[in-house]
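The block underneath contains the structure these notes are about, expressed in structure tokens.
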Amino acid sequence: MKVIPDIMAEISQVMALVDESQLDAAMPYLAKDKRIFVIGAGRSGFQAKGFAMRLMHIGYTDYVMGETITPSIQKGDTWVAVSGSGTTKSIIADTEAAKKLGLNIVAFTSAVDSPLAKLADAVVIVPGATKTGAGVKSIQLLSTLFDQTVHITLDALTLKLAKRDDTSNADALHEHVNVE
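FYI, in UniProt numbering the residues of the sequence shown are 1 to 180.
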């Protein structure tokens, strides 16, 4: 049984539905003179961490919520939340707290009417299937399609930021770990 062509078709279908202007609208909240805090739970958390690593590579000051070296958040910082369903209780509670402290909120979710999307100053809808059944239907398990396509979407945002900031591949390589 072959599944790769079907998986690739699903990814292409979702990516065709991602509105790149939403990425453009999120970009002003992401700048090298701002601290950026990323959050996600479970599989979305892995995607958020990957995005944080890419931001570091292109010269941003960013942190992953829940890590031991994460400092306190402050007014004017940016909060990036990733949740396919947009309803994960811990993500909503922490995002509400960040909003109350005056952070700018950027959300990546599959659900435009979700609690997370409603908290956001900028929202990027990535309509891949989630564990709740929202989004483009998938042959893949749970939120795999959302995970795959939010990863690509976050990489696209990273590339847009690097181009805006005139950050080269050599610049990013300079920030990459050099003890391996």
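All C-beta atoms, glycine included, are put in the ideal place defined by N, C-alpha and C.
No experiment lies behind these values; they were computed from the predicted model shown.
How close, in whole Å, do the beta carbons of residue i and residue j come, if the pair is a contact with beta carbons under 8 angstroms?
i: Phe-37; j: Met-65; result: 6 angstroms
i: Ala-129; j: Phe-146; result: 6 angstroms
i: Ser-138; j: Glu-10; result: 5 angstroms
i: Gly-40; j: Ser-83; result: 6 angstroms
i: Asp-155; j: Lys-32; result: About 19 angstroms; that fails the 8 angstroms criterion.
i: Ala-98; j: Ile-73; result: 6 angstroms
i: Gly-135; j: Ser-110; result: 4 angstroms
i: Ser-114; j: Thr-87; result: 6 angstroms
i: Val-106; j: Ile-125; result: 12 angstroms between Cβ atoms; not a contact.
Which residues does DSSP pair with residue i in a beta bridge?
i: Asn-104; result: Thr-78
i: Ala-122; result: Val-106
i: Phe-37; result: Tyr-63, Trp-79
i: Gly-128; result: Val-136
In whole angstroms, give me the CA-to-CA distance for residue i and residue j.
i: Leu-161; j: Asp-6; result: 31 angstroms
i: Arg-54; j: Ile-4; result: 27 angstroms
i: Tyr-60; j: Ala-25; result: 18 angstroms
i: Ala-81; j: Pro-71; result: 17 angstroms
i: Trp-79; j: Met-1; result: 42 angstroms
i: Ser-90; j: Gly-42; result: 11 angstroms
i: Val-123; j: Gln-22; result: 7 angstroms
To which residues of the same chain is residue i closer than 7 angstroms at the C-beta, ignoring the five residues directly before and after it?
i: Met-15; result: Thr-149, Ile-152
i: Gln-47; result: Gly-40, Val-82, Asp-147, Val-150, His-151, Leu-154
i: Ile-92; result: Pro-115, Leu-116
What residue range does the alpha helix (DSSP H) around residue i cover?
i: Pro-28; result: Pro-28 -> no alpha helix (DSSP H), and no H or E assigned at all.
i: Ala-57; result: In the sequence on display, residue 57 carries His and not Ala. That run of the alpha helix (DSSP H) goes 42-57.
i: Leu-141; result: No alpha helix (DSSP H) holds Leu-141; DSSP gives it neither H nor E.
i: Ser-12; result: 4-17
i: residue 193; result: An answer regarding residue 193 cannot be provided, because it is not within the stretch 1 to 180 covered by the chain.
Quick one: what's got a C-beta closer than 8 angstroms to residue i's C-beta in the same chain, skipping five residues either side?
i: Ile-58; result: Thr-158, Leu-161, Ala-162, Asp-165, Thr-167, Asp-171, Ala-172, Glu-175
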